[in-house]
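These protein sequence lines are chains A and B, in that order. Quick note: the first sequence uses numbering that gives the first Met the number 0, first residue 0, plus one each step. Quick note: the second sequence uses numbering that gives the first Met the number 0, first residue 0, plus one each step. First up is the structure itself, then whatever we jot down about it.
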Amino acid sequence: MVGSNRLSSRLFLLYLPLAFFTVFLLFPFYWMLIISLKPNSLLLNMKINPLYLTQFTLEHYRYLLTNTDFPRWALNTAVVTFGATFLSLTSSILMGYALGRFRFRGGNLAGTAIFLAYLIPPTLLFIPLSQVVARFGLYNSYWALILTYPTFLIPFASWLLMGYFRTIPRELEECAMIDGASRFQAMWRIILPLALPGVLSAGIFSFTLSWNEFLYALVFMGSGEMKTIPVGTVSDLIRADVFQWGPLMAAAMLGSVPVAIAYMFFVDQYVSGLTAGAVKG
Amino acid sequence: MTTAPAGTVTQAVPLRLRERVRHWLDSEPVLAYLFMSPGWLILLLFMSYPFFLGIWISLTDRTVGLPSGEFVGFRNYAELLRDRTFHLTVMNTFIYGFVTVPFKLVLGLLLALLLNQAFPMRNVLRAALLLPWIVPTALSSLAWLMLYDAVLSPFSWLLKNWGLIESNIAFLGTRTNAIISLCIANIWRGTPFFAVAILAGLQAVPQELHEAAAIEGANRVQRFLAVTLPVIKGILVITTLFSIIWTFADFQLVYVLTKGGPANSTHIFGTYAWQIGIGGAGKLGIGAAISLYMFPVLAVLSAILLRYVRSQEA
């Protein structure tokens, strides 16, 4: 009796709500997947239940990879993502180290400024920034995004790394320096390895934010073949209200795969990165 | 064994210089500024400079075709105050930014409390349910675009199949419908962020206190209010403020789902600024002014957030 009572309370208080959340949060992905595999003849037939897949085809993926610029968009996205991540991570390690470990005048002010920079959204800056990008002659080049993505990556990554560097006791590098290591050796050999989880979090997050960015890519590289995956998919695969749903969903799947894979391997880094702002404070 | 050779006069001078540089580099303030310089250089060039340039542009009639532009004072701002589309934009942004947040907070909190219990495949589910927040929003919005399609929507199909509706729902066809649809998609994307942030906070809740309260006869709700809530309060406040700021300044979801339509009735600041400043006529001056109208709200929210974060640190 007690057992069945416990079971029903677990059912109603745990499993049913979890099922609701699972359906709510994952259904759009399920839909994306089945539409990307569904033959066009079935897609438009409203007599058949659209929620199942009775036959499947890879035609939409073939079309996407051979008849559209998708491969080029993927290359653009990868170049920009790696460039921006590398640049941001290097500057943020240095910035986070300075803010987290050095005592100097203006240190608090610099930390506050970084935090506020983190809160300035791209929608506030994109119009004047497009003029800056044009003035520097960067329009429609990879540098347009490699140099502007760090404006939202550096504040985030520096803030996260500052928190990590702060948790490492100062005595560690003082000991190393008494033993004859230079400050740079102490930083490179002792402090940085200890902060590696933080560096990994910052890197993974920078990768994801760059890969997913939309507004700057739309405005600074939105024409011709320099588009990124999100921009190219949204602006080139939807033409004059004629939706090619199959290839669109195939592009949405393929464009999500790199971040989904990175995410699968580094869930914990994601979680600690995500909560860095909220928890570490 | 000395490795340094006996220095001649000509060698001794550069050596001393090197010593001085080395000594100088050992001073923490110098190193700190040196380390921060690459980051600040990028932020000054591509964040501070455009911010002030934006204020200037918003005071001119600059267009994409006429990049010099004349100084017009506050004309752009005044014009927007008389623009009906801008009125709708302000309302939409507040609905979108503030109404969605309580839903995300409550759903995220519930999901976090669920995921904090022990059950099979907990880690797999925790990972899978964060996906809406991880994948590119522009791409997942495409899935929502089809879910909301006037003809192909599976929601309409299901409701028709169950006999609840006669004809398809125009999810994005009217202003009210479109705004509700946008909010639901936004809640979908934001709930996992709340859940995971809160879940991380729940790890700090002392288990012994929970057990003690249970022995004292406190029920679930009482235990939540007395033991759990005080511990995660900080995270709830900070996550909520972050979420309001990001939603308020959103772009992609609205751009993909409605592009501000039907009839410019569902714009938020970001999409309207894009349409006026870049997309349509290229009126950079007015576009910049639309963006800057966000600033007071963002500044107030940021100030609250900063004060709160500082108070948590102390």
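Here a beta-carbon is modelled for each residue, glycine too, at the ideal position from N, C-alpha and C.
Asked                                                                                                                                                              : Found
Please state the DSSP three-state secondary structure of T80/A.                                                                                                    : helix
Considering Cα atoms alone, identify which of A250/A, L208/A, G223/A is closest to A261/A.                                                                         : L208/A
In whole angstroms, what separates the C-alpha of V79/A from that of E207/B?                                                                                       : 49 Å
Could you pull out every residue in the same chain whose Cβ sits closer than 8 Å to the Cβ of P70/A, ignoring the five residues on either side in sequence?        : L64
Beta-carbon of T257/B versus every beta-carbon of chain A: anything under 8 Å?                                                                                     : no
From L118/A to S301/B, what distance separates their C-alpha atoms?                                                                                                : 7 Å
Specify, as a first and last residue, the run of the alpha helix (DSSP H) that Y141/A falls within.                                                                : 141-147
Do the region 84-102 of chain B and the region 175-190 of chain B touch if we need at least three Cβ pairs shorter than 8 Å?                                       : yes
Figure out for me which residue from S290/B, Y254/B, L235/B has the closest Cα to the Cα of L108/B.                                                                : L235/B
Tell me, please, whether the CB atom of N4/A is closer than 8 Å to any CB atom in chain B?                                                                         : no
One question on the structure: do I244/B and L297/B come within less than 8 Å of each other, judged by their Cβ atoms?                                             : yes
Grouping DSSP H, G and I as helix and E and B as strand, with all else coil, what is A298/B?                                                                       : helix
Could you give the distance in angstroms between the alpha-carbon of L128/A and the alpha-carbon of M46/B?                                                         : 8 Å
Residues of chain A with a CB under 7 Å from the CB of E27/B: which are they?                                                                                      : F101, R102, F103
Spatial neighbours of I167/A within its chain, please: C-beta separation below 7 Å, excluding the five flanking residues on both sides.                            : I190, L193, A194
Looking at the structure shown, is F265/A part of a helix, part of a strand, or coil, going by DSSP?                                                               : coil
Does DSSP put F101/A in a helix, in a strand, or in coil?                                                                                                          : coil
Can you confirm whether Y95/B, when its beta carbon is compared against all beta carbons of chain A, has any partner nearer than 8 Å?                              : no
Classify I197/B: buried if its beta carbon has 16 or more other beta carbons within 10 angstroms, exposed otherwise.                                               : buried
Where does R61/B sit, in a helix, a strand or coil, going by DSSP?                                                                                                 : coil
Are the C-beta of V278/A and some C-beta of chain B separated by less than 8 Å?                                                                                    : Residue confidence for V278/A is low, a pLDDT of 41 falling below 50, so the modelled location carries little weight; the figure read from the coordinates is stated next. Interface residue, yes.
With H, G and I counted as helix, E and B as strand and the rest as coil, what does DSSP make of I164/B?                                                           : coil
Is it true that the region 150-160 of chain B meets the region 245-254 of chain A, where meeting means three or more beta-carbon pairs spaced less than 8 Å apart? : no
Identify the continuous alpha helix (DSSP H) that holds P314/B and give its terminal residues.                                                                     : An answer regarding residue 314/B cannot be provided, because it is not within the stretch 0 to 313 covered by chain B.
Taking the straight line between their C-alpha atoms, what separation do you get for L10/A and K103/B?                                                             : 24 Å
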